[in-house]
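Here the structure comes first, spelled out in structure tokens, and everything after it is commentary.
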Amino acid sequence: MESEIDINGDSDLLQMLIDADPVDVIVLVDFLTDSGKGRLAMASEVREALESAKKKSKFSRGVLLLMIRELQHFGGNSFVNLFRRNGVPYAEIVADVLSHVGGTGGKNEPVASMELKVLEKLLSDAWEKMSAQEQADFSKGFQNETGPLGVSYAAIQAAIRRGGPAAIQAALLATGAFARLAMGGALAAGTSLVAGRAAGLAFGPIGVALSGIAGAHTLTSQAYRVTVPCVVQIAYIRQKSTLVTCPSCEVPTPKTSKFCSECGAGLAL
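Throughout the sequence shown, residue numbering follows full-length UniProt numbering, covering 1 to 269 in sequence.
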């Protein structure tokens with residue numbers, strides 16, 4: 001029964017996943033279940049329920065409750081050990097992941113802000129390992145209202161912190177790196193978005209740098225192999241939910257805008 005599934009008050013996360021594109025939720029299923037192969041800390045009936053929903057590309061409220069509870073259990077495992085039975089709220093998972101990747105957050109900092117800091121840290125570590133040409137190529141994927149940001153990670157970092165398109169691009173690249181590690185380069189339905197939007201960056205030399213950083217942050221325990229990429233994907237889902245696609249030019253624009261920033265067309269509110 002749904003009423004029996006305790007998700008530690010994460011009703012906001014539940015609603016966000018209810019509203020999400022199923023293809024994006026499928027990515028979470030793959031990270032949680034190790035692409036359907038299963039994990040030591042996950043019961044077989046849970047894996048089967050998630051895989052069944054994935055095949056149908058339909059996620060009921062009950063399945064999403066189950067998914068959140070499993071993520072919370074993996075979060076609890078990262079704090080103590082692999083067999084901890086009690087889950088932890090998503091905010092604690094994000095704070096733990098941020099600390100794990102070497103970032104810092106403030107007390108009572110909003111979850112969305114911590115998610116963006118995780119993206120910043122993963123990409124900044126990869127940036128330091130790129131050549132000058134790779135940095136230039138990487139920078140082309142990030143723009144603000146006036147155009148390309150230029151070869152400057154400080155400008156990219158500032159754009160990510162504002163959320164929206166730059167944060168979505170960062171999350172796509174990071175998710176692609178995790179998928180490359182976890183799935184041997186074979187993309188799930190959701191992560192195939194990376195191939196369409198950032199294939200050259202995700203699977204060229206830049207992708208190698210990102211994958212190296214992703215691996216360094218996930219190989220310490222099975223729990224972090226789940227929580228780190230799941231936080232990245234949830235950050236993507238959250239930022240994507242703040243945008244609307246312009247019906248005229250198909251450029252993503254903040255939902256709070258009355259007009260498209262690219263072509264000036266009016267947006268339905």
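A virtual CB, placed ideally from N, CA and C, is assigned to each residue, including glycine.
Burial state of residue i, where buried means 16 or more other Cβ atoms lie within 10 Å
| i | result |
| --- | --- |
| Ala132 | exposed |
| Thr227 | buried |
| Arg162 | exposed |
| Ser139 | buried |
| Ile18 | exposed |
| Ala179 | buried |
| Lys37 | exposed |
| Ala43 | exposed |
| Lys121 | buried |
Nearest residue (CA-CA) to residue i, options the options
| i | options | result |
| --- | --- | --- |
| Ile168 | Thr245, Lys240, Arg225, His217 | Lys240 |
| Ile93 | Ala265, Arg225, Phe259, Pro247 | Arg225 |
| Ala136 | Glu120, Lys121, Ala155 | Ala155 |
| Ala41 | Thr175, Asp12, Leu71, Phe59 | Leu71 |
| Asp21 | Gly38, Asp6, Ser35, Lys54 | Lys54 |
| Val231 | Phe59, Leu32, Gly87 | Leu32 |
| Ser60 | Ile26, Leu98, Pro89 | Ile26 |
| Asp30 | Ala166, Pro229, Ile237, Pro165 | Pro229 |
| Thr242 | Ala179, Pro165, Gln233, Thr175 | Pro165 |
| Asp6 | Gly87, Glu134, Lys117 | Gly87 |
| Asp12 | Leu65, Leu50, Arg39, His100 | Leu65 |
| Pro110 | Ala171, Ala91, Lys37 | Ala91 |
| Leu14 | Leu122, Ala95, Arg69 | Arg69 |
| residue 345 | Gln233, Leu50, Lys121 | Given a span of 1 to 269 for the chain in the structure shown, any question on residue 345 remains unanswerable. |
Straight-line gap, residue i to residue j (C-alpha atoms, nearest Å)
| i | j | result |
| --- | --- | --- |
| Ala177 | Thr218 | 12 Å |
| Gly103 | Val244 | 30 Å |
| Phe74 | Val46 | 13 Å |
| Gly212 | Gly266 | 43 Å |
| Asp24 | Ser57 | 10 Å |
| Gly215 | Gly264 | 42 Å |
| Lys129 | Leu173 | 15 Å |
| Leu119 | Phe259 | 28 Å |
| Lys107 | Ser248 | 43 Å |
| Asp10 | Ala112 | 14 Å |
| Leu187 | Ala171 | Bear in mind that a pLDDT of 44 at Leu187, under 50, signals an unreliable position, so the number given afterwards is only what the model happens to contain. Answer to the nearest angstrom: the Cα atoms are 15 Å apart. |
| residue 285 | Tyr153 | Since the first and last residues shown for the chain are 1 and 269, residue 285 lies out of range. |
| His100 | Ser124 | 15 Å |
| Met67 | Leu98 | 21 Å |
| Gly76 | Pro89 | 9 Å |
| Leu50 | Glu4 | 18 Å |
| Ile237 | Lys117 | 15 Å |
| Asp34 | Asp96 | 21 Å |
| Arg39 | Glu48 | 12 Å |
| Gly62 | Ile160 | 33 Å |
| Ser52 | Asn8 | 25 Å |
| Cys246 | Phe142 | 19 Å |
| Gly105 | Met16 | 23 Å |
| Ser221 | Leu28 | 18 Å |
Expected contact under 8 Å - CB spacing of residue i and residue j to nearest Å
| i | j | result |
| --- | --- | --- |
| Glu115 | Ala223 | Not confirmed; about 18 Å, so no contact. |
| Ala126 | Leu210 | 5 Å |
Chain D within 9 Å of residue i, Cβ atoms only
| i | result |
| --- | --- |
| Gln233 | The question asks about chain D, but that chain is absent: this structure has only one protein chain. |
The ligand SAM heavy atom lying under 8 Å from the CB of residue i
| i | result |
| --- | --- |
| Met67 | You won't find the ligand SAM in this model; it holds no ligand whatsoever. |
At what residue ranges does the stretch 54-108 contain a whole run of the alpha helix (DSSP H), taking only runs of 4 or more? Listed in chain order, they are 61-79, 90-100.
Alpha helix (DSSP H) segments (min. 4 residues) lying fully within the stretch 10-49: Listed in chain order, the complete alpha helix (DSSP H) runs (minimum 4 residues) inside the stretch 10-49 are 11-19, 22-33.
Return the chain-ordered ranges of every alpha helix (DSSP H) run that is complete within the stretch 210-245 and spans a minimum of 4 residues. You should have 222-240.
Which whole runs of the beta strand (DSSP E) in the stretch 117-180 are 3 residues long or more, in chain order? Runs of beta strand (DSSP E) with 3 or more residues, each lying fully within the stretch 117-180, are absent.
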